[in-house]
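Residue numbers (the working numbering): 1 to 390.
Written below as structure tokens is the structure these notes are about.
Written out as structure tokens, the structure reads:
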């Protein structure tokens, strides 16, 4: 193994333990300083679904571009229908059959539905009165040229693309989805089934990222360092081999490839997470234990993905105000993530302690409650904020 560069502040925790764990806020600060939004790119409108607008977008033209029929029927002069009724049909001097969306013919200012007219030989008679503008969509009814349509940062939905195309846009300036490389350092132990990569790929997509690659890399410092240094990613998530055991080589490999700036975060689960740089690419080290990886992603790595995607960095989960059904135990100096179940009365109770491994408890939970590092826990009957998993 190649030694870390001279002068590196890297501290190898293998066989020694963590001398200290940084507050979660230090990790957030590191992410906010180190993770940048990729440069905007211009793409055809049809290719922009799910991407973020780099800037506000205004209409290039009125839409509709001219008065048009809003319903199927006959385009008429509204004045010609005055006094018409089922017992007093009125012959129409002008009656042009139109479909919804057709331009309004000259001399017409309304559309009378087929149900309000009748054919008598070659003539059309009104059997109801219509007002000027009835059945008509006026020019610029949706938007006028120059009007703001969508704000900067908007995540484009299919309907947005149709609106923008209608308003005259062929291309858009968008923020590309950050390319996120997912590395599984050493893979699962004891022939356990792979869980973490599948979970991380879904979380990256939720937070606006695109998975550049998913790779299992041997628990070898040189192999991991090469995977960290290889170009092509905007952000790297590496899961596994972050602890204090002899094969926990992820931190050493990152120091070899660039630098590791934080290793060990005061949180449970996920306390062996780390952050560093390989080349110019931010790298987040996540524990390999599935629940610890989930917690470290939700509280740390997800913030990096969202910032790189141009999204708000804060937790994306919907929140619910609830009351504890029993005490949530915590330790001073460590932020705890409690998986909890919400009952119909708005009360939450833990389904597992923060240190309990595995995803089964998370699957039974409705969400999680965070207990700050300055707290020994929350007694029963106290209001808390629950972050929903769904």
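Even for Gly, the Cβ is constructed at its ideal location relative to N, Cα and C.
Note that this is a predicted model, so its numbers are computed, not measured.
Item to complete: List in chain order: all unbroken beta strand (DSSP E) runs of 3+ residues lying wholly within the segment 156 to 205.
Response: 171 to 175 and 179 to 185
Discussion item. Please report the distance separating the alpha-carbon of residue 39 from that of residue 22.
Written reply: 31 Å
Worksheet item: Grouping DSSP H, G and I as helix and E and B as strand, with all else coil, what is residue 6?
Response: Low confidence applies here, because residue 6 scores a pLDDT of 39, under 50, leaving its location unreliable; read the following figure in that light. DSSP places residue 6 in coil when its eight states are reduced to three.
Fill in: Cut-off 7 Å between Cβ atoms - residues of its own chain near residue 302, not counting five sequence neighbours on either side
203 and 207
Fill in: Contact the segment 337 to 350 vs the segment 272 to 280: 3+ CB pairs below 8 Å
no
Practice prompt. Would you tell me roughly how many angstroms separate the C-alpha atoms of residue 159 and residue 44, rounded to the nearest one?
Written response: 15 Å
Worksheet item: Does the segment 15 to 30 touch the segment 149 to 159, meaning 3 or more C-beta pairs lie closer than 8 Å?
Response: no
Item to complete: Please list, in chain order, all residues of the same chain as residue 11 whose beta carbon is under 6 Å from its beta carbon, the five residues on each side excluded.
Response: none
Discussion item. As an exercise, report each continuous alpha helix (DSSP H) stretch of at least 4 residues that is fully enclosed by the segment 21 to 101, in chain order.
Written reply: 24 to 34
Worksheet item: To which residues of the same chain is residue 6 closer than 6 Å at the C-beta, ignoring the five residues directly before and after it?
Response: Reliability of the predicted coordinates at residue 6 is poor, the pLDDT of 39 falling under 50, and the value obtained from them is presented with this limitation in mind. So the list is empty, once near-sequence residues are dropped.
Discussion item. Buried or exposed for residue 115, going by 16 or more other Cβ atoms inside 10 Å?
Written reply: exposed
Worksheet item: According to the neighbour-count rule (16 or more other Cβ atoms, all chains shown, within 10 Å of its Cβ), is residue 343 buried or exposed?
Response: exposed
Item to complete: Name, in chain order, the residues that DSSP records as bridge partners for residue 268.
Response: 336
Discussion item. Using only the alpha-carbon positions, how far apart do residue 270 and residue 294 sit?
Written reply: 8 Å
Worksheet item: Quick one: Cα of residue 357 to Cα of residue 209, how far?
Response: 27 Å
Worksheet item: For residue 332, is the classification buried or exposed, using 16 other Cβ atoms within 10 angstroms of its Cβ as the cut-off for buried?
Response: exposed
Practice prompt. Go to residue 18, then tell me how far its alpha helix (DSSP H) extends in each direction, as first and last residue.
Written response: Looking at the DSSP string, residue 18 is not in any alpha helix (DSSP H), and its letter there is neither H nor E.
Fill in: Touching by the beta-carbon criterion (3+ pairs, under 8 Å), the segment 297 to 312 and the segment 170 to 180
yes
Worksheet item: Is it a yes or a no for the segment 44 to 57 touching the segment 160 to 167, going by three-plus beta-carbon pairs under 8 Å?
Response: yes
Discussion item. Assuming residue 253 and residue 225 are in contact, meaning their beta carbons sit under 8 Å apart, how far apart are those beta carbons, in whole angstroms?
Written reply: 5 Å
Worksheet item: How should residue 137 be labelled, buried or exposed, when 16 other C-beta atoms within 10 angstroms of its C-beta is the threshold for buried?
Response: buried
Worksheet item: Taking Cβ to Cβ, would you say residue 132 is nearer than 8 Å to residue 110?
Response: yes
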